[in-house]
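Single-structure report; data block below.
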Ligand code: C2E
Ligand code: MG
Ligand code: MG
Ligand code: MG
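Pasting the structure below:
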């Protein structure tokens, strides 16, 4: 019947395409307006160092914060932004927020604290442009390069190891850190991995999730942590939600944890309040 409708009434088909095009234009327009209004912002999720019980870093996570509604997560707008060529503008906003706030926290004596920013697939494939953006942000906002990290997912890196190597080297030369994000979900060749000038591995939260109930996940997590140590890389476990998971990671001497147990991604003011608490009352350490 569908075939009949499609073949016999082609106008139906064209109308659908028209509607689709209209929706796309509306969305693109809305995102442009949102960019002009600075509605794309970085939220900050803290990273707790397990040896010192201090917040030593954050991950800047993109949010669309409309005037009159709840914040929208990146899963909903990053793919659209990539498609419409708005990803560079949005990521620049996130990078600027990340540098500006982190510079402020360090200047206020709430640090030392670093910030990690995610790199999209599109940005990864245009290294010159990416590095130009990063240089510009560092130069104009005055953040120490060592306080900035860039996150590249394992699958992005391994899909094009040559390019990954180039990108990572460019950051390394500037003293900017480089993490492999969602580690364990891609297919890393260890011989490729060791050639990269990395600073950190982030264990994907899918392994952390069942670490206390699934012996295989526990073994994988333990192996990644041990490998990171052997390669002289920091290891951060993401998606830590329970005290039991935290205890396991402590026992494995994991360097850092990030997850809802510590805090969700917070607006900058809330993250700043958390830092003040941690510094003055040690509340963050107590909670961990
Ligand atoms: P990611 O880089 O792996 O970021 C971690 C995601 O896990 C975040 O989701 C974070 O909120 C979530 N998460 C953190 N702790 C927990 C936990 O304990 N439990 C659970 N269930 N989830 C947790 P979010 O913010 O929705 O970001 C999703 C992805 O979007 C990120 O994954 C990253 O790949 C991408 N993304 C976020 N911000 C940006 C950005 O500025 N630029 C680009 N290119 N990508 C971004
Ligand atoms: Mg990330
Ligand atoms: Mg991640
Ligand atoms: Mg992840």
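Numbering (the working numbering), first residue to last: 37 to 324. Each residue gets a CB set at the ideal place from its N, CA and C atoms; glycine is no exception.
query, result
"Check each candidate in 174, 224, 168 and name the one with the smallest Cα separation from residue 188.", "224"
"State the DSSP-derived secondary structure class of residue 244, mapped to helix, strand or coil.", "helix"
"If you pair each beta-carbon of the stretch 286-294 with each one of the stretch 60-80, do three or more pairs fall below 8 Å?", "no"
"Kindly indicate which three-state DSSP category residue 272 falls into: helix, strand or coil?", "strand"
"Determine the DSSP secondary structure at residue 105, reduced to helix, strand or coil.", "coil"
"Could you check if residue 179 is buried or exposed, using at least 16 other CB atoms within 10 Å of its CB as the buried criterion?", "buried"
"Just how far apart, CA to CA, sit residue 107 and residue 99?", "6 Å"
"Taking the DSSP output, what are the residues bridged to residue 236?", "215, 270"
"Do you know whose CA, among 97, 212, 278, lies nearest residue 76's CA?", "97"
"Suppose contacts are defined by Cβ-Cβ distances below 7 Å. Is residue 326 in contact with residue 254 by that definition?", "The requested residue 326 does not occur in the structure, where the chain is confined to residues 37 to 324."
"Which one or two residues does DSSP pair with residue 80 in a beta bridge?", "96, 302"
"With 16 other CB atoms within 10 Å as the buried threshold, where does residue 53 fall?", "exposed"
"Residue 232: beta carbon under 6 Å from a heavy atom of ligand 1?", "no"
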